[in-house]
Amino acid sequence: MSAVNVTNVTVLDNPSMFMNPFQFEISYECLVALNDDLEWKLIYVGSAEDEKYDQVLESVLVGPVNVGNYRFVFQADPPELSKIPEEDIIGVTVLLLTCSYQGQEFIRVGYYVSNDYVEEALREEPPTKVLIEKVQRNILADKPRVTKFPIVFNSGAPAMDHLDAQKIPDAYAYPPSDLAMQTHEGGASSSLSPDSMHADEDPTEETCIPSSPPADLMHTDEEASESNRPTSSATDLMTTNDTEPADIQAFDSMQHGDTVRRGNLHTPQALQEVC
Numbered sequence: 001m002s003a004v005n006v007t008n009v010t011v012l013d014n015p016s017m018f019m020n021p022f023q024f025e026i027s028y029e030c031l032v033a034l035n036d037d038l039e040w041k042l043i044y045v046g047s048a049e050d051e052k053y054d055q056v057l058e059s060v061l062v063g064p065v066n067v068g069n070y071r072f073v074f075q076a077d078p079p080e081l082s083k084i085p086e087e088d089i090i091g092v093t094v095l096l097l098t099c100s101y102q103g104q105e106f107i108r109v110g111y112y113v114s115n116d117y118v119e120e121a122l123r124e125e126p127p128t129k130v131l132i133e134k135v136q137r138n139i140l141a142d143k144p145r146v147t148k149f150p151i152v153f154n155s156g157a158p159a160m161d162h163l164d165a166q167k168i169p170d171a172y173a174y175p176p177s178d179l180a181m182q183t184h185e186g187g188a189s190s191s192l193s194p195d196s197m198h199a200d201e202d203p204t205e206e207t208c209i210p211s212s213p214p215a216d217l218m219h220t221d222e223e224a225s226e227s228n229r230p231t232s233s234a235t236d237l238m239t240t241n242d243t244e245p246a247d248i249q250a251f252d253s254m255q256h257g258d259t260v261r262r263g264n265l266h267t268p269q270a271l272q273e274v275c
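Per the UniProt record's numbering, the very first residue in the sequence shown carries number 1; after that it's consecutive.
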């Protein structure tokens, strides 16, 4: 059982111009009083080619955390352009919202982000040098990827350690073409469903947002060991094998035993779930 359950995340001010701050309204519940603060981070993946371009946009400590329900707005500055390869500024990348306790990450919410020019003329004929003041970002707020990790909460033994050797079920990736379409059409902020994040839920259950599966299905590598638990870096692409029923729920949930595969975010083949 997890001591902390994230019940809702809403992306605010979306879509927005590239240089505007990121804003997330986060709701969570605490079932057990915690000895230390929770650490929230927002990470921007600057390039799929190398994790050295990942930027921690903001890191905040929230506490004390007693039993009850909480809500706050997490704001972070945009990424530093000087730390992003210029060829990767325009296009699709990933944003990660993570929460840790005593240095142990227990939840990660990943979003696709599409950066493109607002003006059609600039989209059709992009200038040689990026005009960042004319670039808009669109976070795919209604297609989050949620990964939960079993950790120790004020306890002498890890929670859910029996999950270590299990593989994840399958999940769906959001088609890049649809993402680009939504970028220019605009989209309202969407929130994560609170119903699928209860502490007593089966953490092996893999679900995702769409009411019907997109055409792009993911594939999986062979099972990884405990030492391969993913870190906060999001330059690795996770994939799975089989197909999932259409009547799936509101979350994707992956566990730490899954193997990751490095890929290029800017190719259709690799534009799959990144967490």
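Idealized CB from N, CA, C, for every residue including glycine. Source: prediction; values computed, not measured.
Of the candidates E29, S27 and Y117, the residue whose Cα lies closest to the Cα of P15 is Y117. Around the beta carbon of G46, 16 or more other beta carbons lie within 10 angstroms, which makes this residue buried. When the five nearest sequence neighbours on each side are left out, the beta carbons in the same chain lying within less than 8 Å of the beta carbon of Q136 are those of P15, S16, M17, F18, N115, D116, Y117, V118 and T183, in order along the chain. Contact between A3 and F153 holds, with the beta-carbon distance rounding to 4 Å and staying under 8 Å.
For A121, the enclosing alpha helix (DSSP H) covers residues E120 to E124. Taking C-alpha positions only, A48 is separated from G91 by approximately 11 Å. Look at the region 16-92 and you find these whole runs of beta strand (DSSP E), each 3 residues long or longer: 22-30, 38-44, 55-62 and 68-76. Around the Cβ of T98, a 10 Å sphere holds 16 or more other Cβ atoms; the residue is buried.
In this structure, DSSP gives I132 a helical state, which the three-state scheme calls helix. Leaving aside the five residues that flank E80 on each side, the residues in its chain whose CB is nearer than 7 Å to its CB run, in chain order, Q55.
For I151 against Q104, the beta-carbon gap comes to about 4 Å, under 8 Å, which counts as contact. CA-CA distance, Y53 to F106, rounds to 23 Å. A straight-line Cα-Cα distance of about 22 Å links P127 and N20. Assignment of Q104 by DSSP, reduced to helix, strand and coil, places it in the strand class.
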